[in-house]
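**Student:**
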Amino acid sequence: MLKETPDIDRHTRWSEVKKKMDSDPRYKAVESSLQREDWFREHIKRLKEERKREKEGGRSSREERKERKEKESRKERSSKSRKSEEKENSKEKEEEEDNEMDVDGEVEDEESAKEREEKEAQEKQARVEASLREREKEVQRTLAVHLRDRDTEREHHKHDEAVQHFNALLADLVSLLSNLDLFIYFSRNLLMSRNSQLVVLNNSCGIRINNIFSFS
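Be aware that the sequence shown starts at 1, since it is given in UniProt numbering, and climbs by one per residue.
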């Protein structure tokens, strides 16, 4: 294809030729851009050598065929070596990608496991807190019942004491009333003790009070 292009000479640049051959199916058939450029450079090199041979008078056709064959052989070996290298690089790249995917997968698994552990720990803590709150409510309800029962018992006890004191007072009153002399005696002593403090009353009133309770 390069030989069929008359515009190519030893001074032609690869960027110029590449634009012209871009639509040629044979150009597209070579997948590696490096391979295309290498062949172009070799073609230019041959042109330069041919030009040099023309100036120097050239060599024999046998030597030229041998040299051309060796160059083609080297080119073929170079092409095979390059393809093998590209294949090996591609294989290594795939292995690296697989390893990266495995590492990423392991990292994701570790992160997922860590997230699950954190979620389980949070749920467990929430259950413990809910249980503690429920237990606290139960204790408060039980305490409220005990306090209410204690207050009720205390009121009953106060009521019983008041009834006992009242009954005792009634009994004392009945006992006093049953003994009039004793009632009068105690009443007179009480009035006499109070009489000394009645400074607002005159002496005659005090005498009358004494006379009331005088039983001589």
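The beta-carbon is built from N, C-alpha and C at its ideal position, and this holds for glycine as well.
Pull up the distance between the alpha-carbon of residue 159 and that of residue 144, whole angstroms please.
**Tutor:** Working through the sequence shown from its first residue, we reach residue 159 at position 159. Working through the sequence shown from its first residue, we reach residue 144 at position 144. Going by the C-alpha atoms only, they are around 22 angstroms apart.
**Student:** Run through the region 41-80 for me and flag every whole alpha helix (DSSP H) of 4 or more residues, listed as ranges in chain order.
**Tutor:** The region 41-80 contains no whole alpha helix (DSSP H) run of 4 or more residues.
**Student:** If you run the structure through DSSP and keep just helix, strand and coil, what is residue 13?
**Tutor:** Translated into the one-based positions of the sequence shown, residue 13 becomes position 13. Correct three-state label for residue 13: coil.
**Student:** Flag residue 43 as yes if its beta-carbon sits less than 8 angstroms from any beta-carbon of chain B, otherwise no.
**Tutor:** Among the chains in the structure shown there is no chain B, since it carries only a single protein chain.
**Student:** Rounding to the nearest angstrom, what Cα-Cα distance links residue 133 and residue 122 in this structure?
**Tutor:** Numbered from 1 along the sequence shown, position 133 holds the residue referred to as residue 133. Numbered from 1 along the sequence shown, position 122 holds the residue referred to as residue 122. Those two C-alpha atoms are separated by around 16 angstroms.
**Student:** Looking at residue 82: is its Cβ nearer than 8 angstroms to the Cβ of residue 35?
**Tutor:** Translated into positions along the sequence shown, residue 82 becomes position 82. Translated into positions along the sequence shown, residue 35 becomes position 35. Between residue 82 and residue 35, the CB-CB gap stays under 8 angstroms.
**Student:** Starting from the N-terminal side, write out each stretch of the beta strand (DSSP E) that is 3 residues or longer and does not extend beyond the region 91-152.
**Tutor:** none
**Student:** Less than 8 angstroms between the beta carbons of residue 115 and residue 75, yes or no?
**Tutor:** On the sequence shown, position 115 is the one that residue 115 refers to. On the sequence shown, position 75 is the one that residue 75 refers to. No, the pair does not count as a contact, with Cβ atoms beyond the cut-off.
**Student:** Where residue 111 and residue 139 are concerned, what is the direct C-alpha to C-alpha distance, given to the nearest angstrom?
**Tutor:** Against the sequence shown, residue 111 aligns to sequence position 111. Against the sequence shown, residue 139 aligns to sequence position 139. Those two C-alpha atoms are separated by around 42 angstroms.
**Student:** Skipping 5 residues on each side, what residues in its chain have a beta carbon closer than 6 angstroms to that of residue 216?
**Tutor:** Translated into positions along the sequence shown, residue 216 becomes position 216. Residue placement at residue 216 is flagged as unreliable, the pLDDT there being 44, under the threshold of 50; the coordinate-derived value follows with that caveat. No residues qualify anywhere along the chain.
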